[in-house]
Each structure stands twice: as structure tokens, then as C-alpha cells.
Amino acid sequence: DPHLSALLIDVGGSTTDLAVMSHGTLRGTKMFAIGGRTFTKRLAVELNIAFREAEKLKIAYTSDKLEPKSKKIIADIILADVETWLEGVVLALSEFSELDELPSKILLSGGGSYLPEIKEALNNRKWYKKLHFSQIPQAVFMRLTDLPNLRLVSPPSVETSNIILSLVTLEGSILAEKSAILSIATP
Numbered sequence: 022d023p024h025l026s027a028l029l030i031d032v033g034g035s036t037t038d039l040a041v042m043s044h045g046t047l048r049g050t051k052m053f054a055i056g057g058r059t060f061t062k063r064l065a066v067e068l069n070i071a072f073r074e075a076e077k078l079k080i081a082y083t084s085d086k087l088e089p090k091s092k093k094i095i096a097d098i099i100l101a102d103v104e105t106w107l108e109g110v111v112l113a114l115s116e117f118s119e120l121d122e123l124p125s126k127i128l129l130s131g132g133g134s135y136l137p138e139i140k141e142a143l144n145n146r147k148w149y150k151k152l153h154f155s156q157i158p159q160a161v162f163m164r165l166t167d168l169p170n171l172r173l174v175s176p177p178s179v180e181t182s183n184i185i186l187s188l189v190t191l192e193g194s195i196l197a198e199k200s201a202i203l204s205i206a207t208p
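In the working numbering, the protein residues as written are 22 to 208.
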């Protein structure tokens, strides 16, 4: 979309990848090494359970399948890591100093983004005050309809470990989302 201006944040397993789109052009990408496994490891350590069990617990938490008391315990455990994650977002975005302003639309993806504290931290805190946003940023979960005119151009064959959530430029470019490669359909 030649008019797309958004901050794309993919909270993957090992990393968080950020891509800044401005008027349909990829302006830059950043990555830092905090992802979903960070929160899983914290749960495993604090609850003294195996990593696999902690991952199941985290997924149950993000799916809202736990009792209120259990949800509160998990939220309290991951709070410090969410704060550190948010500091990583601020630090990464501060490196886009060449941009006049950052887009206020934030599109979230990746399994780690389903932790309610991630979206809440982006939407309900003053983290953006030190950055150059023209409006208060708002985070929503990304849907393909947020990136119109996309079509699949190859089967999932790209290694996903360090792929940025989205690499989008004007017509004819490539968008990498998780393990599929998409291309902006040209008119």
C-alpha cells in the first residue's frame, strides 16, 4: 500500500523485530534479543517448572484459560521482563533519529505479542514521550487486511529464526511475514 505508515512489531520466539513503514516505503528495521522465550524462561525459573511446562502455561495464559489467581501470579512474574522489553522498543526506535516522525499506528504480530501485557504496555504507558511521534501511538494485532493487495508468491520455505516481521516497499517489493513471502500486487 503506497500510503501505509505503520510501525510493525513482531515479538517472535527469540527476538523482537521492528520495521518502520512511512507512506508505503520501508524506512528501516531494528531487532533486539527479547522474545517470547524470555517470558517462558522467567516463568520456568520463578515457578520451578520445566521450560515445556512453562510454555504451555504461557499459552494458556495468553488464551485466557487460567483462573484469575493464576493469571495474577503470571502477570506479576513477567512484569519486569515486559518493562525490559518496552525499554528495548524505546531504544530501538530512538535509533530512527533521521525520521521526522514515527508512525503512530503499531501493528503487532508474533506469538509473544499475545501476552496481554505487551499490548497494554504499548497502549497505556507514556513510553513514547522521548520519541518523535506526532500522535499517541496505538497498538493493534496485525491482520492481512492491514496490508492490502498482498498475495502469496512462494510456499513457506524461508528460515524464520531472524526474519523481520515485514519488509515492505512500494510495488514489486517483498514482504516477509513469518515463514511466507508475500509481494505487493501491482495495479
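All C-beta atoms, glycine included, are put in the ideal place defined by N, C-alpha and C.
Next item on the list: Return helix, strand or coil for Arg146, following the three-state DSSP convention.
Entry: Locating residue 146 in the sequence shown gives position 125, counting from the first residue. If DSSP states are grouped into helix, strand and coil, Arg146 belongs with coil.
Next item on the list: Measure the C-alpha to C-alpha separation of Gly56 and Glu88 and round it to an integer number of angstroms.
Entry: By 1-based counting over the sequence shown, the position of residue 56 is 35. By 1-based counting over the sequence shown, the position of residue 88 is 67. Between Gly56 and Glu88, the C-alpha separation is close to 25 angstroms.
Checklist line | Min CB distance Asp102 to chain C below 9 angstroms | finding: Here chain C cannot be found, since the structure has a single protein chain.
Notebook entry, point to check: Would you report the Cα separation of Val41 and Glu74, rounded to the nearest angstrom?
Noted result: Stepping through the sequence shown from its first residue, residue 41 is reached at position 20. Stepping through the sequence shown from its first residue, residue 74 is reached at position 53. When rounded, the distance between both Cα atoms is 35 angstroms.
Check: With respect to the beta strand (DSSP E) encompassing Phe53, which residues constitute its N-terminal and C-terminal limits?
Finding: As a first step, residue 53 is located in the sequence shown; it is residue number 32 there, counting from the start. Residues Thr46 to Phe53.
Next item on the list: Specify the secondary structure class of Leu121 as computed by DSSP and reduced to three states.
Entry: The sequence position of residue 121 within the sequence shown is 100, counting from 1. The displayed chain sequence assigns Asp, not Leu, to residue 121. Reduced to three states, the DSSP call for Asp121 is coil.
Item checked: DSSP-derived helix/strand/coil call for Asp85 -> One-based indexing of the sequence shown puts residue 85 at position 64. Note: Asp85 maps to coil in three-state DSSP.
Margin query: Between which two residues does the alpha helix (DSSP H) holding Ile28 run?
Written below: Mapped onto the sequence shown, residue 28 falls at position 7. In the sequence as displayed, the identity of residue 28 is Leu instead of Ile. Where Leu28 is concerned, there is no enclosing alpha helix (DSSP H), although the beta strand (DSSP E) it sits in stretches over Ala27 to Val32.
Item checked: With 16 other Cβ atoms within 10 Å as the buried cut-off, status of Ser91 -> As a first step, residue 91 must be located in the sequence shown, where it is residue number 70. Burial check for Ser91: the Cβ neighbour count within 10 Å stays below 16, so the residue is exposed.
Check: From Val278 to Ile139, what does the alpha carbon distance come to, in whole angstroms?
Finding: Because the chain is modelled from 22 through 208, residue 278 falls outside the range shown and cannot be assessed.
Next item on the list: Would you mind giving the Cβ-Cβ distance between Leu152 and Val103, rounded to the nearest angstrom? I have them listed as a contact below 8 angstroms.
Entry: Walking along the sequence shown from the start, residue 152 turns up at place 131. Walking along the sequence shown from the start, residue 103 turns up at place 82. 18 angstroms between Cβ atoms; not a contact.
Checklist line | Reference Gly132, options Thr83, Trp106, Ile94 and Glu67, closest by Cα | finding: Reading the sequence shown from its first residue, position 111 is the one you call residue 132. The shortest C-alpha separation from Gly132 is found at Thr83.
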